[in-house]
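Here the structure is laid out as structure tokens; the discussion comes afterwards.
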Amino acid sequence: MRWGEHQGKQRFKCKSCLLAYQDGLDGHTQLIRVSDEKHHKEIKEDPDNLIRLGVHLESITADGLKSILKVIKRSLPDVNVQRMLIHIQRMCLLWLTRYPEHASGQELRSLVLVLLKIKTQNNKLFWIRELNNQKVVDDTGISKGQLYEKGFKKFISKMMKVQIKTVP
Numbered sequence: 188m189r190w191g192e193h194q195g196k197q198r199f200k201c202k203s204c205l206l207a208y209q210d211g212l213d214g215h216t217q218l219i220r221v222s223d224e225k226h227h228k229e230i231k232e233d234p235d236n237l238i239r240l241g242v243h244l245e246s247i248t249a250d251g252l253k254s255i256l257k258v259i260k261r262s263l264p265d266v267n268v269q270r271m272l273i274h275i276q277r278m279c280l281l282w283l284t285r286y287p288e289h290a291s292g293q294e295l296r297s298l299v300l301v302l303l304k305i306k307t308q309n310n311k312l313f314w315i316r317e318l319n320n321q322k323v324v325d326d327t328g329i330s331k332g333q334l335y336e337k338g339f340k341k342f343i344s345k346m347m348k349v350q351i352k353t354v355p
């Protein structure tokens, strides 16, 4: 592991990757692998080995790296793939500026910041309802809910598919 400079800010750069495979029902770890980088061969090999051992894979949660998602889709096309909430939040915050000027951008940013507080299925449904219930009409005459729904339709449909399971 090493530290690097990125645009004047300290940024942590990690050369290793931890892959943890957990049972979604009881939270028990099935397999842990530490890799020197995100190797596609290892990512493909691990789920295949778990299936050979009789483990039923229902879903895979990943960081959303396109190359990893491609490997998963090729080797396990029937398994649900979802992204970690932290990575969804980071991507949304990249799309939004740090200090949005428009009121709808400010409101959307505040909703994105709440993403990590989603811990249960009810939290998820409440968050989606809050996103869809933006009835305030802005200066263009379009309700915020319509704008969000149009711009984030794919994102909302993915959020509806996310299965949130609490670990005891």
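Start counting the sequence shown at 188; every next residue gets the next number (my numbering).
All C-beta atoms, glycine included, are put in the ideal place defined by N, C-alpha and C.
As the structure is a prediction and not an experimental result, all values here were calculated from the model.
- With contacts defined by Cβ atoms closer than 8 Å, residue 246 and residue 267 form a contacting pair.
- When only Cα atoms are considered, residue 230 and residue 243 end up about 17 Å apart.
- Under the three-pair Cβ rule at 8 Å, the stretch 284-295 does not count as touching the stretch 251-263.
- Rounded to the nearest whole angstrom, the CA to CA distance from residue 262 to residue 215 is 24 Å.
- Cα atoms of residue 318 and residue 295: separation of roughly 8 Å, rounded to the nearest angstrom.
- Between residue 299 and residue 280, the C-beta gap is smaller than 8 Å, which places the two residues in contact.
- Annotation note: the stretch 240-272 contains the following uninterrupted beta strand (DSSP E) runs of length 3 or greater, listed N- to C-terminal: 246-249 and 267-270.
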